[in-house]
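The structure appears right after this line, and notes come after that.
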Amino acid sequence: MADVKNFDYAVSNLLCTEGTKSLCFDDDDLVNGQSYKINDDEGLSFGNGGSDSEPLINFPCLSEANFCLMLEREKGLLPKDDYLERLRTGDLNLSVRREALDWISKAHAHYSFGALCLCLSMNYFDRFLSVHDLPQDKPWVVQLLAVSCLSLAAKVEETEVPLTVDLQVGEPKFMFQSKTIQRMELFVLSTLNWKMQAYTPCNFIDYFLQKFKNDECPPRHLINRSIQVILSTIKGIDFLEFRPSEIAAAVAMSDSIQAMDMNKALPALMGADKEKVIKCLKLIQHLTTIKGITLNGVPQSPNGVLEAACLGYKSDGRTGESCPNSSHSSPNTKRRKLDKTTSLQDNLKS
Numbered sequence: 001m002a003d004v005k006n007f008d009y010a011v012s013n014l015l016c017t018e019g020t021k022s023l024c025f026d027d028d029d030l031v032n033g034q035s036y037k038i039n040d041d042e043g044l045s046f047g048n049g050g051s052d053s054e055p056l057i058n059f060p061c062l063s064e065a066n067f068c069l070m071l072e073r074e075k076g077l078l079p080k081d082d083y084l085e086r087l088r089t090g091d092l093n094l095s096v097r098r099e100a101l102d103w104i105s106k107a108h109a110h111y112s113f114g115a116l117c118l119c120l121s122m123n124y125f126d127r128f129l130s131v132h133d134l135p136q137d138k139p140w141v142v143q144l145l146a147v148s149c150l151s152l153a154a155k156v157e158e159t160e161v162p163l164t165v166d167l168q169v170g171e172p173k174f175m176f177q178s179k180t181i182q183r184m185e186l187f188v189l190s191t192l193n194w195k196m197q198a199y200t201p202c203n204f205i206d207y208f209l210q211k212f213k214n215d216e217c218p219p220r221h222l223i224n225r226s227i228q229v230i231l232s233t234i235k236g237i238d239f240l241e242f243r244p245s246e247i248a249a250a251v252a253m254s255d256s257i258q259a260m261d262m263n264k265a266l267p268a269l270m271g272a273d274k275e276k277v278i279k280c281l282k283l284i285q286h287l288t289t290i291k292g293i294t295l296n297g298v299p300q301s302p303n304g305v306l307e308a309a310c311l312g313y314k315s316d317g318r319t320g321e322s323c324p325n326s327s328h329s330s331p332n333t334k335r336r337k338l339d340k341t342t343s344l345q346d347n348l349k350s
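Residue 292 in the UniProt record's numbering is what sits at position 292 of the sequence shown, and the numbering runs on without skipping anything.
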């Protein structure tokens with residue numbers, strides 16, 4: 001676990017004043033003592049060899065070889081093992097994650113980003129938070145981290161990415177200049193060892209649906225419906241116990257279990273921990289009984305799924321707080337995939 005004092009030292013230069021119109025930082029971006037400029041209209045791009053996120057139907061279903069490779073790689077692209085326990089015990093402030101997710105979901109819905117973009121944003125946030133404690137006396141750091149994670153995810157997943165400063169929608173409490181966000185992006189990249197090709201349940205869902213549908217590529221409506229269920233799992237921390245492949249398998253099974261016997265379904269879970277998949281399946285079955293989260297009629301927008309999930313989903317014995325209400329409208333965007341570590345002081349140095 002990184003020392004909070006070290007984090008404190010790094011962010012001490014990211015001076016920020018409170019207020020909707022407040023802007024942070026006003027000097028040149030420096031990395032290792034050299035000027036590091038990133039044009040807002042170009043941004044950073046990171047390739048990811050996985051299938052596209054919306055809705056994974058324009059590409060062939062995963063081959064067995066690619067599936068096995070993804071299973072092996074997903075292990076190194078998750079939060080630290082003690083992350084969930086620290087959230088449950090209060091060692092990490094659960095409200096920090098909730099606050100970040102609330103804002104990310106608002107911005108995500110505002111720009112009509114794809115489902116994978118939302119999943120990636122929270123993957124980056126959770127992985128970062130699992131290795132760095134955020135200073136409690138600097139509440140603006142949570143907002144800056146959330147903006148940076150969404151910005152990075154959009155650059156990975158979306159073909160049309162708004163200017164960094166324009167991502168800050170929904171009347172946020174703090175506003176940051178693009179160079180401040182870019183510096184935080186570099187810090188996140190450094191902390192995650194530049195491993196941005198994270199896998200989410202969206203990357204695995206078509207494979208398991210195919211397995212449960214007699215090796216036929218799943219129809220569009222079935223994938224869309226399953227992705228909405230996947231999005232509903234993001235709010236509660238209980239699903240952090242499972243790997244993305246296990247969540248995808250459980251979601252696929254929850255849709256197929258009525259059409260096939262459980263004993264017939266289990267052999268299709270090649271490479272997955274069957275006990276954990278069944279445990280995850282039970283959580284999903286509970287989740288999908290909540291008003292607005294049914295396999296036959298899930299809300300169409302990702303934010304709608306999160307809102308519905310918050311109506312009754314319980315995490316660690318507590319009822320989830322209300323999710324952000326998004327009534328934003330925005331142009332639709334096409335999505336596709338685009339085909340060391342430096343010190344904290346260097347990344348955020350003024």
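Think of the CB as a built atom: it goes at the ideal place given N, C-alpha and C, for glycine as much as any other residue.
- If you check the CB distance, Val131 and Thr191 come in under 8 Å.
- Comparing alpha carbon positions, the residue from Asn93, Ala109, Lys279 and Asp166 closest to Asp238 is Lys279.
- The beta carbon of Pro162 sits closer than 7 Å to those of Tyr111, all from its chain and outside the five residues before and after it, given in chain order.
- About 18 Å separates the beta carbons of Glu99 and Leu152, which is beyond the 8 Å limit, so they are not a contact pair.
- Taken through DSSP and simplified to helix, strand or coil, Glu64 comes out as helix.
- When DSSP states are grouped into helix, strand and coil, Glu158 belongs to the strand group.
- Cβ neighbours of Pro201 within its own chain (closer than 6 Å, five residues either side excluded): Ile230, Pro244, Ile247 and Ala248.
- When Cβ pairs closer than 8 Å are counted between the two stretches, the region 126-142 is seen to touch the region 70-89, the count reaching three or more.
- Where Cys217 is concerned, there is no enclosing alpha helix (DSSP H), because DSSP gives it neither an H nor an E.
- Counting along the chain, the unbroken alpha helix (DSSP H) around Ile284 starts and ends at Lys274 to Leu287.
- Rounded to the nearest angstrom, the gap between the Cα atoms of Leu134 and Leu145 is 10 Å.
- Nearest Cα to Glu64 within the set Tyr207, Val251, Asn214 and Ile284: Tyr207.
- Thr164: not part of any alpha helix (DSSP H); DSSP gives it neither H nor E.
- Under the three-pair Cβ rule at 8 Å, the region 163-176 counts as touching the region 104-118.
- With contacts defined as CB atoms closer than 8 Å, Val96 and Val142 qualify as a contacting pair.
- Taking 8 Å as the cut-off, the Cβ atoms of Val156 and Met122 do not count as close.
- In this model, Asn93 and Gln228 are separated by some 27 Å (Cα to Cα).
- In the DSSP annotation of this structure, the continuous segment of the alpha helix (DSSP H) that includes Asn123 starts and ends at Ala115 to Leu129.
- Of all alpha-carbon atoms in Ala272, Asp215 and Val251, the one lying nearest the alpha-carbon of Lys282 is that of Val251.
- Here the C-alpha atom of Asp215 lies approximately 14 Å from the C-alpha atom of Leu222.
- In terms of Cα proximity to Glu241, the closest of Leu150, Asp82 and Lys138 is Asp82.
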